[in-house]
Every structure is written in C-alpha cells, then in structure tokens.
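According to the working numbering, the stretch in the sequence shown is residues 59 to 246, in order. Please read the structure below before turning to the comments.
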Amino acid sequence: MSTSSENNTSSEGRKEIGGEQDSDLTSITDIAVDKGSLRRFVVCSKTLAQASHIFDAMLFGDFAEAQHHPNHSWVVRLPADSPEVMHIILTVAHDHLEDLPSTMSVTELVEPLVQADKYEMTHLLGRWLPKWFDQKMDVGACDDKRGLAWLAREIGAATVFKRLAVNLGYDCRLKWDAENGGWKRPFQ
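Quick look at the structure:
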C-alpha cells in the first residue's frame, strides 16, 4: 500500500487500509461505513479479528456480516459508525502510522475512544494516546470538561482527572445568599 491517501483511494471511493496484508482474497473485506456519506475501506478481516474479539465474532462467527460468497466482494456495513472515526480505528488496527492524525483535541479524541470501546479495541489506541493527549494540559482551559473527565477516566490519567475535579469544584462552589434567599456562585 502506498502512503499517499490519493494513491490509496480507488475510483470506487474505497480506501485501502489493510487489503494488501494478506494475498488470500477471502480475508480481504470491505468495511462500508455510512453516516451521512458512504465510505468504504478495504481491510484485512484476519487483522481485524486478531485486534478485536467483536470483529472476530462478527466476521467469522454466526453473524450476518460473516455470510459472504467466496467469489464475490465481502462487504460489511457499519451504518451507525462515523467514517472519519472508523478510519482512525481501522488504521490503528492495521498499524499504518503514516495515516494517523498528528494531533487531536479532547473533543476529537473522545469519539474514537467511544467507538474503539464499542469494538473492544481501546488497547490498540494506547501507544498513540501520549501523542494525542497532553496530560499536562490546562484543564481549566478545556472547553469539553465532560469529555475530558470521561477520557481521563477511560485511559487511566488519574492526575488529569484529579486536576479536573479540583477545577470543577472551584468552578461550582455555591454560597448561601441570605439577602436574596438563594444560592449563588461567589464572585458574581
């Protein structure tokens, strides 16, 4: 597979991610992702099965996705998944480092982790997380604190989670306002 995404995309709009890893044509699968716009990825089904027991069951078990004719294209449809996010997950599963984004914001990182969790593949993202997730970040400046809390918990970033909890605690302090008979935030 060439490294340029222009060379990896066929005239049919298919992105080759792992089809070249196995010359056995029965292991080459098209993953069709359709959430707004159809994107197809050519992947190695055996690689996906090794990366995730969910994909193993889906592709080689009793699921409808496993049913295919050996002489025809094997297309697996995942209509609920984001094509951009699925591209990241499939790229990681096939170990194509050059196709991964160099940086990701907290908001951009949450969705791939949620989707990887769906297929029980979060372990594969582990080696890229230090590149994408700065554990020394200013948690107060993060616009997506809910996403940051989930992300920190999911990846085991205890120091980030603690700093965020303290930041949220300071931000949410309330004080009884006897004059108006209600709670208010200090310094308002």
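Glycine is no exception: its CB is placed at the ideal position from the N, C-alpha and C atoms. Predicted, not measured: the structure shown is a model, and the values here were computed from it.
Let me make sure I understand the geometry here. Which of D175, I213, Y177, G227 has the alpha-carbon closest to that of R185?
Taking the first residue of the sequence shown as position 1, residue 185 is located at position 127. Per the Cα distances, I213.
Per DSSP, cross-strand counterpart(s) of V143
As a working note, residue 143 is residue 85 in the sequence shown. Per DSSP, none; premise fails for V143.
So what does V164 bridge to, in DSSP terms?
Locating residue 164 in the sequence shown gives position 106, counting from the first residue. The partner list for V164 (beta bridge, DSSP) is empty, contrary to what the question assumes.
Can you give the Cα-Cα distance for Q125 and D229, rounded to whole angstroms?
Residue numbering aside, residue 125 sits at position 67 when the sequence shown is read from its first letter. Residue numbering aside, residue 229 sits at position 171 when the sequence shown is read from its first letter. Counting only the Cα atoms, D229 lies some 54 angstroms from Q125.
Quick check on the burial criterion: 16 or more other C-beta atoms within 10 angstroms. Buried or exposed for K194?
In the sequence shown, counting from the first residue as 1, residue 194 sits at position 136. Counting every other CB atom within 10 Å of its CB across the protein chains shown gives K194 a total below 16, marking it as exposed.
Anticipated Cβ contact below 8 angstroms, F99 with L148, distance rounded:
Residue numbering aside, residue 99 sits at position 41 when the sequence shown is read from its first letter. Residue numbering aside, residue 148 sits at position 90 when the sequence shown is read from its first letter. About 5 angstroms separates the beta carbons of F99 and L148, which is inside the 8 angstroms limit, making them a contact pair.
Reducing DSSP to helix, strand and coil, say where F121 ends up.
Counted from its first residue, the sequence shown places residue 121 at position 63. F121 carries a coil assignment under DSSP once its states are collapsed to helix, strand and coil.
Using DSSP's beta-bridge definition, name the partner residues of F113.
Along the sequence shown, read from residue 1 onward, the residue named residue 113 stands at position 55. Answer by DSSP bridge pairing: none, since F113 is not bridged.
When the Cα atoms are used, what is the spatial distance from E237 to H145?
The sequence position of residue 237 within the sequence shown is 179, counting from 1. The sequence position of residue 145 within the sequence shown is 87, counting from 1. So the two alpha carbons sit approximately 57 angstroms from each other.
Residue environment, V218, which counts as buried when at least 16 other CB atoms sit within 10 Å
Residue mapping note: residue 218 aligns to position 160 of the sequence shown, counting from 1. When all chains shown are included, V218 counts as buried.
Just verifying my parser: in three-state terms, what is the DSSP assignment at L96?
Translated into the one-based positions of the sequence shown, residue 96 becomes position 38. In the three-state DSSP reduction, L96 falls in the strand class (E or B).
Assigned secondary structure, R185 (DSSP; H/G/I helix, E/B strand, else coil)
Taking the first residue of the sequence shown as 1, we reach residue 185 at position 127. R185: coil per DSSP, three-state reduction.
Quick one: what's got a C-beta closer than 7 angstroms to L222's C-beta in the same chain, skipping five residues either side?
Mapped onto the sequence shown, residue 222 falls at position 164. The answer, listed in chain order, is V197, K203, L206, A207, A210.
Selection from V150, P159, S160 that minimises the alpha carbon distance to C102
For the purposes of this step, residue 102 is taken as residue 44 along the sequence shown, with counting starting at 1. Checked all of V150, P159, S160; the closest Cα to C102 is V150.
Look at the Cβ atom of L183, then the Cβ atom of P170, and state whether they are nearer than 8 angstroms.
Residue numbering aside, residue 183 sits at position 125 when the sequence shown is read from its first letter. Residue numbering aside, residue 170 sits at position 112 when the sequence shown is read from its first letter. For L183 and P170, yes; Cβs fall inside 8 angstroms.
What three-state label does DSSP hand D175 in the structure shown?
Along the sequence shown, read from residue 1 onward, the residue named residue 175 stands at position 117. DSSP places D175 in helix when its eight states are reduced to three.
Separation of S131 from L83, as counted between CA atoms:
Here the question's residue 83 lines up with position 25 in the sequence shown. Here the question's residue 131 lines up with position 73 in the sequence shown. For L83, the predicted model reports a pLDDT of 34, less than 50, meaning its position is unreliable and no value from the coordinates is stated.
With P128 and R97 assumed to form a contact (beta carbons below 8 angstroms), what rounded beta-carbon distance in angstroms separates them?
Residue mapping note: residue 128 aligns to position 70 of the sequence shown, counting from 1. Residue mapping note: residue 97 aligns to position 39 of the sequence shown, counting from 1. Taking C-beta atoms under 8 angstroms as the contact rule, P128 and R97 fail to qualify, at a distance of about 25 angstroms.
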